[in-house]
Each structure stands twice: as structure tokens, then as C-alpha cells.
Amino acid sequence: MTHRASHFLKLSQFIPPFVLLFATHNPRLLDTVSQADRLRVWSGFVLMASSRVVSTCLFVALLTCTLRCSQCVKLSNIILILTDDQDVEMGGMMPMKKTKALIGDAGVTFSNAFTATPLCCPSRSSILTGKYPHNHLVRNNSISGNCSGTAWQKEAEPFAFPVYLNKMRYQTFYGGKYLNQYGSKDAGGVGHVPPGWDQWHALLGNSKYYNYTLSVNGKEEKHGDNYEKDYLTDLVLNRSLHFLEERSPNHPFFMMLCPPSPHSPWTAAPQYQQSFSDVKAPRNGSFNMPGKDKHWLLRQPANPMPNSSVEYLDNAYRRRWQTLLSVDDMVEQLIKKLDSIKELSNTYIFYTSDHGYHTGQFSLPIDKRQLYEFDIRIPLLVRGPGIKPKQTLQSPVLNIDLSMTILDIAGVNLSTVNMDGQSFLPQMAPSLRNGTERPFFLVEYTGEGHSSEDPSCPKLGPGLAECFPDCVCEDAFNNTYACVRALKDANLQYCEFADNESFVEVYNLTSDPHQLENIVKKVDPTLLQIMNQRLIKLQSCTVVFHKSLLRQFMSCQYLLNPYFLLFTIQFAFGARKKVIRVRMSKYLQK
1 MTHRASHFLK
11 LSQFIPPFVL
21 LFATHNPRLL
31 DTVSQADRLR
41 VWSGFVLMAS
51 SRVVSTCLFV
61 ALLTCTLRCS
71 QCVKLSNIIL
81 ILTDDQDVEM
91 GGMMPMKKTK
101 ALIGDAGVTF
111 SNAFTATPLC
121 CPSRSSILTG
131 KYPHNHLVRN
141 NSISGNCSGT
151 AWQKEAEPFA
161 FPVYLNKMRY
171 QTFYGGKYLN
181 QYGSKDAGGV
191 GHVPPGWDQW
201 HALLGNSKYY
211 NYTLSVNGKE
221 EKHGDNYEKD
231 YLTDLVLNRS
241 LHFLEERSPN
251 HPFFMMLCPP
261 SPHSPWTAAP
271 QYQQSFSDVK
281 APRNGSFNMP
291 GKDKHWLLRQ
301 PANPMPNSSV
311 EYLDNAYRRR
321 WQTLLSVDDM
331 VEQLIKKLDS
341 IKELSNTYIF
351 YTSDHGYHTG
361 QFSLPIDKRQ
371 LYEFDIRIPL
381 LVRGPGIKPK
391 QTLQSPVLNI
401 DLSMTILDIA
411 GVNLSTVNMD
421 GQSFLPQMAP
431 SLRNGTERPF
441 FLVEYTGEGH
451 SSEDPSCPKL
461 GPGLAECFPD
471 CVCEDAFNNT
481 YACVRALKDA
491 NLQYCEFADN
501 ESFVEVYNLT
511 SDPHQLENIV
521 KKVDPTLLQI
531 MNQRLIKLQS
541 CTVVFHKSLL
551 RQFMSCQYLL
561 NPYFLLFTIQ
571 FAFGARKKVI
581 RVRMSKYLQK
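Heads up: the sequence shown begins at 1 in the UniProt record's numbering, then just goes up one per residue.
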């Protein structure tokens with residue numbers, strides 16, 4: 001064998017087969033290689049190629065097996081039931097006996113669940129995006145406040161959690177109220193169907209029970225006042241049951257069911273219109289109390305309330321309960337259906353509301369929008385695989401956490417998701433996940449008002465909204481605030497208003513659970529400074545690096561963890577990490 005052929009044979013073990021094939025067909029090389037050496041080269045090539053083919057086949061077989069095995073692990077189904085205006089502080093869960101038994105007793109009840117904002121459209125936008133309102137930019141229920149507006153549809157909807165579920169091959173269904181301005185001309189009309197939904201049965205506009213219009217997969221569907229055909233809570237249930245019948249058993253499903261209850265106009269089903277005839281709004285706590293040390297809006301109502309206001313709010317309270325009985329039936333029928341199709345044991349069911357409500361607290365007749373516990377606390381019950389029954393958890397949970405928890409259950413890599421919330425799956429099913437509780441969180445609201453004065457209340461001037469005939473207004477432009485709520489180390493609430501008073505409210509909810517006394521003038525100034533800095537940091541959680549690696553990490557849950565943040569910035573910026581570390585360290589120490 002020649003030296004060149006010997007060298008070629010040695011190299012052949014490291015050279016890809018197609019290169020060897022080319023080389024052995026090269027005339028200049030073949031001239032230097034004898035017939036026997038050429039045979040040895042080809043023999044080596046055949047042996048090497050054979051071994052590589054075998055290795056490749058083994059790799060492909062292993063990969064195929066792995067993929068098939070991953071498909072064999074069936075992902076869990078998920079159902080989210082979202083009511084409208086259902087409180088927990090004022091007894092809003094009292095009518096829900098079936099729901100408490102079938103979901104709460106079968107799983108976990110969170111005693112410290114909160115909304116990020118106490119108003120329908122921005123709260124629902126927070127649930128869908130997992131973001132605080134200052135990040136999804138939906139400020140209130142109006143088009144000008146970006147409720148289902150153009151900016152929402154372009155910047156937020158494409159990144160809502162159903163889009164991720166759809167990519168995971170979940171079959172998705174939406175039924176009921178979506179966002180308050182959905183379906184209006186300025187919001188794209190009935191033809192706009194948000195991405196991520198396979199079946200879309202959404203209410204146009206705000207909550208109604210009869211005489212409404214649906215967008216059914218982008219087509220207009222009008223309804224009348226026939227109970228059997230049109231009662232919205234029952235219609236949402238019936239269409240969800242049909243979806244369960246028609247779905248493919250080969251893929252998991254997600255359903256989001258949003259009945260109008262217990263939102264006004266509080267139209268109960270015929271069989272429940274005489275229920276709770278003796279029920280009145282609870283008279284304890286802050287009911288019919290003056291708001292003398294609170295924001296100016298709460299200093300306006302007459303105290304005590306006139307009898308007409310009390311009678312009105314009692315009637316509203318009773319009728320709210322009546323509408324909830326149909327939702328309780330919905331829960332029961334859903335669970336029966338899941339059991340009959342043998343999916344109950346593999347389905348997570350979440351039950352919650354978009355925010356709380358008040359009926360007479362601080363002499364405000366009825367509404368939401370305020371910073372107090374009755375408006376920001378929400379019911380949250382969950383059952384599903386890995387969740388032990390009859391648990392009551394104290395861990396603070398926000399509605400911005402729902403999306404991250406749902407995606408966690410669905411097997412989505414949460415590090416790829418740009419949201420402010422965090423999964424609470426570790427809290428309710430520690431055997432499945434490890435996790436930590438948040439030390440404090442943000443509640444924020446942007447007030448609404450009219451540019452002209454209210455005819456029924458001219459003395460208060462323009463800038464007000466939701467006014468009652470006796471000159472009690474529930475909202476105003478400067479009813480705009482941001483609060484830090486802490487539970488872990490101290491049960492405190494600190495709120496700042498954007499008004500000409502720069503008004504501040506502070507409450508110690510351990511000694512004053514009904515928030516009767518604003519202690520801003522009594523508390524240690526050092527504590528006020530700490531809470532102020534927490535508020536600044538929470539409101540600074542803004543995603544700005546949309547095209548960089550940081551995009552997935554700049555949510556509020558990471559900004560409040562300096563160790564993780566510094567690691568992420570170092571990783572993303574490499575050589576500049578020393579400078580950034582110094583700057584961020586100074587920021588986090590402020």
C-alpha cells in the first residue's frame with residue numbers, strides 16, 4: 001500500500017461517506033491506489049457507512065419512541081368559569097352550594113384571591129394576558145380606554161393565553177361575555193374573532209340575559225326573550241355541552257365560560273325569581289358608614305343613607321343571588337357531563353370572578369371600582385389532577401396568575417411567555433411543582449368620568465360617572481389610584497391617588513379588617529417610604545425589549561427578584577454585564 005493510500009485509509013474513518021464516495025471516484029487519487037488498496041478503502045467505507053446507518057436508525061427509532069411516548073402522556077383538560085361582578089366579602093358565594101361542594105370541597109379554595117383592578121374590561125384583559133393594566137393598556141370599560149380597542153387587538157390579543165393553548169393543540173371554546181366593547185363598530189364589529197379560539201360564542205357588549213346578540217365564529221346571531229332558547233347562562237352551558245360531545249378525544253380541550261351573572265340587570269331564571277325573598281345585604285363592617293378620612297369621592301355620600309337607597313341595594317343584592325343559582329346549576333351539569341364522558345378525573349376546573357362588589361359599604365349604594373377589600377377580593381376555587389380535596393390556602397393569588405397557571409398545566413414552557421403573573425400550581429399541587437409566594441402585589445385603577453356635569457348632580461361639576469339620583473357618584477376621572485397590598489410580613493394596604501390632593505390611604509387589615517380608619521398620619525414614615533418604593537417598582541414593570549432576549553423576562557414577577565434579573569441581564573448582554581449589574585443594583589436598592 002502506498003503512503004498516500006495508507007494516509008487515505010486512516011482519514012476515511014473521520015470523513016463523511018459522501019466525501020469518501022467523491023474521493024474514491026477521483027481519477028488522480030485512484031491512479032495512486034492499487035486495486036487491492038482500493039478494495040480495502042471501499043470495504044472500510046462500506047463498514048463505516050453500515051455502522052453509521054445503524055447508528056442513524058437507532059437514533060431515529062429512539063427519537064420516534066420518545067415522541068410517541070410524549071404523545072402518550074395525555075395533557076389535562078381545563079375549564080375556566082368566570083362570573084361577572086361576583087364578590088366574596090359580601091356573601092357572594094352563599095348561593096353557590098353545588099359549586100362549593102363540587103369544586104371547593106373536591107379541591108382547593110383560595111382565601112386570599114384578588115383582582116389586579118376592580119372593573120370588568122381591564123380585569124378580564126388582565127386574565128387573558130396575565131398582565132397588569134399598565135402593561136396591557138386597557139384602562140376602563142370605554143373604547144377610549146382601549147376596551148377591545150385597536151391597540152388591544154394588535155398588541156395584546158395575539159399574546160393572550162388561548163393562543164399558546166391553541167399551539168399546544170388544545171381544542172378551545174369560548175362562551176358568554178368577553179369585553180364590554182366587544183362587537184361594537186369601533187372594535188371591529190361582530191366579525192372580529194380573537195386568535196386562539198376554535199369555537200367562539202361571544203356576547204356583544206355588556207352583560208345581558210335576554211335580547212342580546214352573539215358573535216358565533218364571526219357571524220351575527222340575535223336572541224330574544226324566550227327562556228328555553230335565549231337565557232344566556234343556560235345557552236352558554238348548552239353550547240359547552242355540545243362542544244364536549246363534538247370534540248376530538250385525541251386532543252385536550254379548554255373551555256372559558258363567562259355567564260352574565262350576577263351583573264345587572266339581575267334577571268333571574270323563571271324558577272328562581274322568588275328565591276331568597278327574605279335576604280338583605282349584610283349590615284356589618286363598613287355598611288352605611290361614613291368615608292370621612294378617605295378619598296374625596298367617598299366623602300360625598302350622605303350618611304346615613306336614605307331609606308330609598310337601602311331598599312334599592314337590598315333588592316339588587318337579592319336579585320344578584322337569584323341569578324347565581326343558574327350558574328350553580330351550570331357547574332353541576334358540567335361536572336356530570338365530564339363524569340359521563342370519563343374526563344372528570346383529567347380536568348382542571350377553575351371558578352372565579354372578574355372582581356368584587358359593594359352594596360352599601362361606606363354609604364355607596366352599589367358598584368365596584370373602589371380600592372377596598374369588598375371590591376378587590378374575588379372567589380377562587382379549583383379542582384383537578386394532583387389537587388388534594390378540602391384545602392383552604394392562604395397564599396395570595398391574583399387574577400393575572402390564572403393565565404400562567406393554565407399554561408403551566410398545559411405544559412407550556414413558562415420562560416417563553418411574557419406575562420406579569422406567576423403559576424400557582426405549586427401552591428395547590430406541591431407534588432407537581434415547586435414555587436414561591438409573592439410578597440406583595442399591585443392593584444390599580446383608572447377612573448372614568450363625563451366631560452359635562454351630571455344633570456342629577458350639578459353641584460359636583462364635570463368629571464363624574466355612575467351617579468345616583470341622590471347625588472352619590474361611584475366614579476370620577478380622579479378616582480385613579482395604585483395600591484400595594486401586602487399579606488406575608490404585614491397585612492397592609494398602601495394607596496396613592498392621582499388627584500390634586502395627592503391623597504394617600506393606608507390600612508392595617510389585621511387590626512382593622514373593614515378599613516374603617518385611614519392611618520396614613522399615624523404610621524411610621526419609614527414604612528410609608530418602603531411601601532412607596534414597592535409601589536414605584538411594581539408600576540415600573542414594563543416590557544420594553546420586544547425584540548430582545550429580555551422580552552420574556554421583563555415581567556413584574558422577575559423584576560421583583562433581583563438575583564434572577566441580574567442573571568438574565570448578564571446572560572443577554574454579555575460583555576456589558578458589569579456596567580448593568582452596578583446600575584441595576586443601585587436601582588434595586590432605592
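C-beta atoms are modelled at their ideal positions from N, C-alpha and C, and glycine is treated no differently. It should be emphasised that the depicted structure is a prediction, and the values quoted were computed from it without experimental measurement.
Given residue i as reference, the closest of the options once Cα atoms are compared
{"i": "Lys219", "options": "Leu237, Val190, His242, Asn226", "result": "Val190"}
{"i": "Ala269", "options": "Leu165, Val310, Asp329, Leu297", "result": "Asp329"}
{"i": "Asp489", "options": "Pro462, Ile530, Lys522", "result": "Ile530"}
{"i": "Pro95", "options": "Gln493, Val331, Gln533", "result": "Val331"}
{"i": "Asn206", "options": "Leu407, Ser125, His263", "result": "His263"}
{"i": "Leu364", "options": "Lys100, Gly145, Pro122, Cys473", "result": "Cys473"}
{"i": "His251", "options": "Glu453, Leu165, Ser277", "result": "Leu165"}
{"i": "Arg345", "options": "Gly384, Gln394, Asn307", "result": "Residue 345 is actually Ser in this sequence, not Arg. Per the Cα distances, Gly384."}
{"i": "Glu245", "options": "Ser340, Tyr210, Gln422, Ser123", "result": "Ser340"}
{"i": "Leu380", "options": "Ile349, Asp367, Asn217", "result": "Ile349"}
{"i": "Pro430", "options": "Val412, Gln391, Glu444", "result": "Gln391"}
{"i": "Leu338", "options": "Leu257, Gln370, Leu241, Glu466", "result": "Leu241"}
{"i": "Leu257", "options": "Asn491, Asn508, Gly461, Ile79", "result": "Ile79"}
{"i": "Asn77", "options": "Met168, Cys147, Leu119, Val88", "result": "Met168"}
{"i": "Phe110", "options": "Asp408, His295, Asn508, Pro389", "result": "Pro389"}
{"i": "Val327", "options": "Glu466, Pro194, Gly183, Val236", "result": "Val236"}
{"i": "Tyr494", "options": "Gly176, Leu538, Cys120", "result": "Leu538"}
{"i": "Thr347", "options": "Gln361, Lys100, Pro306, Tyr170", "result": "Tyr170"}
{"i": "Ser353", "options": "Leu442, Ile376, Asp470, Ala160", "result": "Ile376"}
{"i": "residue 593", "options": "Tyr210, Arg319, Lys342, Gln271", "result": "Residue numbering for the chain in the displayed model covers 1 to 590; residue 593 lies beyond these limits and cannot be assessed."}
Cβ-Cβ distance between residue i and residue j below 7 Å
{"i": "residue 591", "j": "Ala116", "result": "It is not possible to answer for residue 591, since the shown part of the chain is limited to 1 through 590."}
{"i": "Thr213", "j": "Lys222", "result": "yes"}
{"i": "residue 611", "j": "Phe424", "result": "Since the first residue shown for the chain is 1 and the last is 590, residue 611 is missing from the structure and cannot be characterised."}
{"i": "Gly130", "j": "Ser403", "result": "yes"}
{"i": "Tyr174", "j": "Ala202", "result": "yes"}
{"i": "Ser261", "j": "Thr323", "result": "yes"}
{"i": "Phe243", "j": "Gln199", "result": "yes"}
{"i": "Cys121", "j": "Leu204", "result": "no"}
{"i": "Tyr351", "j": "Thr99", "result": "yes"}
Classification of residue i by the beta-carbon crowding that lies within 10 angstroms, buried from 16 upward
{"i": "Ser555", "result": "Since pLDDT at Ser555 reaches only 48, below the 50 mark, its modelled position is unreliable, and the value read off the structure follows with that caveat. Buried."}
{"i": "Asn141", "result": "buried"}
{"i": "Asn303", "result": "exposed"}
{"i": "Glu228", "result": "exposed"}
{"i": "Gly224", "result": "exposed"}
{"i": "Lys154", "result": "exposed"}
{"i": "Lys521", "result": "exposed"}
{"i": "Ala151", "result": "exposed"}
{"i": "Ser456", "result": "exposed"}
{"i": "Leu527", "result": "exposed"}
{"i": "Ile536", "result": "exposed"}
{"i": "Gln274", "result": "exposed"}
{"i": "Gly461", "result": "exposed"}
{"i": "Phe468", "result": "buried"}
{"i": "Thr83", "result": "buried"}
{"i": "Lys97", "result": "exposed"}
{"i": "Asp408", "result": "buried"}
Any non-hydrogen atom of the ligand MG closer than 6 Å to residue i Cβ
{"i": "Thr83", "result": "Here there are no bound small molecules, and the ligand MG is not part of this structure."}
Contact belief for residue i with residue j at Cβ below 8 Å, rounded distance in angstroms
{"i": "Val506", "j": "Ile519", "result": "5 Å"}
{"i": "Gly92", "j": "Tyr357", "result": "7 Å"}
{"i": "Tyr132", "j": "Asp420", "result": "5 Å"}
{"i": "Asp186", "j": "Lys368", "result": "Contact doesn't hold; Cβ gap of about 24 Å is too wide."}
{"i": "Leu102", "j": "Ile335", "result": "5 Å"}
{"i": "Ala316", "j": "Ile366", "result": "5 Å"}
{"i": "Met428", "j": "Val382", "result": "6 Å"}
{"i": "Pro396", "j": "Asn112", "result": "5 Å"}
{"i": "Ser309", "j": "Asp470", "result": "6 Å"}
Original post:
Three or more beta-carbon pairs under 8 Å between the stretch 493-504 and the stretch 472-483, yes or no?
Top reply: yes
Original post:
So, do the stretch 280-292 and the stretch 96-114 have three or more beta carbon pairs nearer to each other than 8 Å?
Top reply: no
**OP:** Assess, as a yes-or-no matter, whether the stretch 509-525 is touched by the stretch 285-305 under the definition of 3 or more beta carbon pairs within less than 8 Å.
**Re:** yes
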